[in-house]
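Enquirer: I have a structure I would like to understand better, so I am pasting it below and will then ask my questions one at a time.
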Amino acid sequence: MEQTPSQTLFDKIWKRHVVQQQEGFPAVLYIDRHFIHEVTSPQAFTGLRQRNIGVFRPKQTIATADHNVPTVDQHLPIKEALSRKQVETLTKNCEEFGVELYGLGHEKQGIVHVIGPELGITQPGQTIVCGDSHTSTHGAFGTIAFGIGTSQVEQVLATQTLLQYRPKTMLIKVDGTLNKGVTAKDVILYVIAKLGTDGGTGHFVEYAGTAIQSLSMEGRMTVCNMSIEMGARGGMIAPDEVTFDYMKGRPHAPQGEQWDKAIADWKTLYSDKDAVFDTVYEFDAADIEPMITYGTNPGMGIGISQHVPELSHLKETEKTSFKKSLEYMNLNTGQSLLGKKIDYVFIGSCTNARIEDLRLVADFVKGKQKSADVEVWIVPGSQAVLRQAQKEKLDMVFSEAGFKLREPGCSACLAMNEDKVPAGKYCVSTSNRNFEGRQGPGSRTFLASPLMAAAAAINGKVVDVRAYL
-10 MEQTPSQTLF DKIWKRHVVQ QQEGFPAVLY IDRHFIHEVT SPQAFTGLRQ RNIGVFRPKQ
50 TIATADHNVP TVDQHLPIKE ALSRKQVETL TKNCEEFGVE LYGLGHEKQG IVHVIGPELG
110 ITQPGQTIVC GDSHTSTHGA FGTIAFGIGT SQVEQVLATQ TLLQYRPKTM LIKVDGTLNK
170 GVTAKDVILY VIAKLGTDGG TGHFVEYAGT AIQSLSMEGR MTVCNMSIEM GARGGMIAPD
230 EVTFDYMKGR PHAPQGEQWD KAIADWKTLY SDKDAVFDTV YEFDAADIEP MITYGTNPGM
290 GIGISQHVPE LSHLKETEKT SFKKSLEYMN LNTGQSLLGK KIDYVFIGSC TNARIEDLRL
350 VADFVKGKQK SADVEVWIVP GSQAVLRQAQ KEKLDMVFSE AGFKLREPGC SACLAMNEDK
410 VPAGKYCVST SNRNFEGRQG PGSRTFLASP LMAAAAAING KVVDVRAYL
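What follows is the structure in structure tokens.
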């Protein structure tokens, strides 16, 4: 009897979904779930309309409003004209094409990468796409999940398939025990700082190792969310008991006999012992400390006890962008960020706006007061997260500390809405990108974990959270 060759987790899921493959051409890949939002879907619907065709499988498409929504007074009309038009257009398109929409005011509304997992729509073994690069978040459940362009959104709406070349596979192992004050966000910022923003280019990454396995599902989502920031097509983690416990009882998760069948299948989703990856990296969890970025891409990160690199430590090809980034951030080579005064703290985004993040922050700030000079926004990832925070009275903890708990949305992660950090101001942010102007024109962003952000809010400056634990 011929033995099946060892396979990676990626290959097992990929092969299940290939509808057709001709040598030298991209595969026709079946897509299980398609998430859409107001920013990248309008042109796709216009394309369907022009071709006089409908959505092929509307029940496998879920829409939500997140990027453009305000995070205060959501019961009122949206003030910004462009944002209002985007959200209204999504509503009209979903009504016309029969797609379920969790729009503004809906109890299931929230950031697209937060609501999928919390509702149990995201399930192990699936292929998931969305017109948003951080679709990689869903890989935490053992899925092939990745962002697509607007023309591809139209392709999936029309056919429920996508033309895709198989990417290379990469294994990133992080073994050992995480140090005090080190979270999932620090792990992924550390990995990106080590590999660079192009370290994963052309690859689909699987994260493994004891440190990864020790993370909660929320932490795993944070890690996979930022895979795209090192150029990877996506990230994934093999499902295990942590995954199954998280999923059990969620509204869209299998129930009864179907649950047992699903578990039996999901337990087969792992990379075989002898599976071969195109690229492998291994890291020791003990080497990771709380991280913070100093520059204008997520790869420009350092441990909080370290200093902004000297020019002599960089490759010649990196020096120009490095100098430009320090000029934008008004920082110097060799500088420590400890003690750097800040103006804003933003805790939110599809990277860190889940209930676990809010609990972590509330636990740290309880009984403390924010610095008078700092504006603090906490933006939950979904209506469900907001309700849970209120149920646990986290809202009262935040209020007493001077933090503002707002309503769900992408908020100041990308300043496409009314939430913008003013020009020249420094923000410690739990979002995933620190590009020039990302949080508002001229704004300056330090990426960090929710714990580091909370400590900065209390002290009015960048600090090492380990000193306060």
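Residue 205 in our numbering is what sits at position 216 of the sequence shown, and the numbering runs on without skipping anything.
Ideal placement from N, C-alpha and C gives every residue a C-beta, glycine not left out.
Taking only the alpha-carbon atoms, compute the straight-line gap between I226 and L458 and give it to the nearest angstrom.
Expert: Going by the C-alpha atoms only, they are around 29 Å apart.
Enquirer: Give the secondary structure of T306 by DSSP, where H, G and I count as helix, E and B as strand, and everything else as coil.
Expert: Helix, per DSSP.
Enquirer: Spell out whether any CB of chain D is found under 8 Å from the CB atom of Q141.
Expert: Of the protein chains in this structure there is only one, and it is not chain D.
Enquirer: Looking at the strands, I want to know which residues DSSP matches up with S418.
Expert: Partner(s): F335, L436.
Enquirer: Once the 5 residues before and after G190 are set aside, which same chain residues still bring their CB inside 7 Å of it?
Expert: Per the sequence shown, the amino acid found at residue 190 is Thr instead of Gly. These residues qualify, in order along the chain: G220.
Enquirer: Am I right that G292 and S314 are in contact with their C-beta atoms under 8 Å? What's the rounded C-beta distance?
Expert: Between S314 and G292 the Cβ distance is about 18 Å, and since that is not below 8 Å, they are no contact.
Enquirer: Just list the alpha helix (DSSP H) runs in the region 117 to 178, keeping only unbroken ones of 4 residues or longer that don't cross its boundaries, in chain order.
Expert: Counting whole runs of 4 or more residues, the region 117 to 178 contains the alpha helix (DSSP H) stretches 139 to 148.
Enquirer: With 16 other CB atoms within 10 Å as the buried threshold, where does Q98 fall?
Expert: Looking at its Cβ environment, which holds 16 or more other Cβ atoms inside 10 Å, Q98 is buried.
Enquirer: Counting only the same chain and skipping the five closest in sequence on each side, list residues whose C-beta sits under 6 Å from that of A404.
Expert: So the list reads Q428, G429, once near-sequence residues are dropped.
Enquirer: Identify every run of the beta strand (DSSP E) within the region -1 to 24, keeping only runs that are complete inside it and at least 3 residues long; order them along the chain.
Expert: The region -1 to 24 contains these whole beta strand (DSSP E) runs: 7 to 9, 16 to 19.
Enquirer: Mind checking whether K359 and V365 have CB atoms under 8 Å apart?
Expert: The answer is yes: Cβ separation under 8 Å.
Enquirer: Hey, C213 and S125: beta-carbon distance below 8 Å or not?
Expert: Cβ atoms of C213 and S125: closer than 8 Å.
Enquirer: Can you check which of these residues, A251, Q153, G238, is closest to Q11 by C-alpha distance?
Expert: Looking at the Cα atoms, Q153 is the closest of the given residues.
Enquirer: Using only CA atoms, which one of V374, Y91, G170, N57 lies nearest to A401?
Expert: For the residues V374, Y91, G170, N57, the minimum Cα distance to A401 belongs to N57.
Enquirer: When the Cα atoms are used, what is the spatial distance from K174 to Q39?
Expert: Cα to Cα, K174 sits roughly 43 Å from Q39.
Enquirer: To the nearest angstrom, report how far apart I217 and I161 are at their CA atoms.
Expert: Those two C-alpha atoms are separated by around 14 Å.
Enquirer: For S438 and Q9, what's the separation of their Cα atoms in angstroms?
Expert: Cα to Cα, S438 sits roughly 42 Å from Q9.
Enquirer: In terms of residue numbering, what span does the beta strand (DSSP E) encompassing T50 cover?
Expert: Taken as a continuous stretch (DSSP letters only), the beta strand (DSSP E) holding T50 covers 50 to 53.
Enquirer: Buried or exposed: N41, going by 16 or more other Cβ atoms within 10 Å of its Cβ?
Expert: The residue in question, N41, is exposed, as its Cβ has fewer than 16 Cβ neighbours within 10 Å.
Enquirer: Considering only C-alpha positions, which residue in the set E271, F233, R239, T309 is nearest to D515?
Expert: Any property of residue 515 remains undetermined from this structure, which presents the chain solely from -10 to 458.
Enquirer: Tell me T268's beta-bridge partners as DSSP assigns them.
Expert: Partner(s): M159.
Enquirer: Taking C-beta to C-beta, are V451 and L327 nearer than 8 Å?
Expert: Yes, these two residues count as a Cβ contact at 8 Å.
Enquirer: With 16 as the cutoff for other CB atoms within 10 Å, does H23 come out buried or exposed?
Expert: Buried, because 16 or more other Cβ atoms sit within 10 Å of the Cβ of H23.
Enquirer: So, using beta-carbon positions, are K418 and L436 closer together than 8 Å?
Expert: Lys is not the amino acid found at residue 418; the sequence shown has Ser there. Result yes, Cβ atoms of S418 and L436 sit closer than 8 Å.
Enquirer: Considering only DSSP beta bridges, list what V231 is partnered with.
Expert: BP columns for V231 are empty, so no partner.
Enquirer: Just tell me which of V265, G136, S371 has its CA closest to the CA of H95.
Expert: Of the candidates V265, G136, S371, the one whose C-alpha sits nearest the C-alpha of H95 is S371.
Enquirer: Quick check on G105: does DSSP put it in helix, strand or coil?
Expert: If DSSP states are grouped into helix, strand and coil, G105 belongs with the helices.
Enquirer: Under 8 Å: do the region 259 to 271 and the region 293 to 300 share three or more Cβ pairs, one atom per stretch?
Expert: Cβ pair count under 8 Å is below three, so no.
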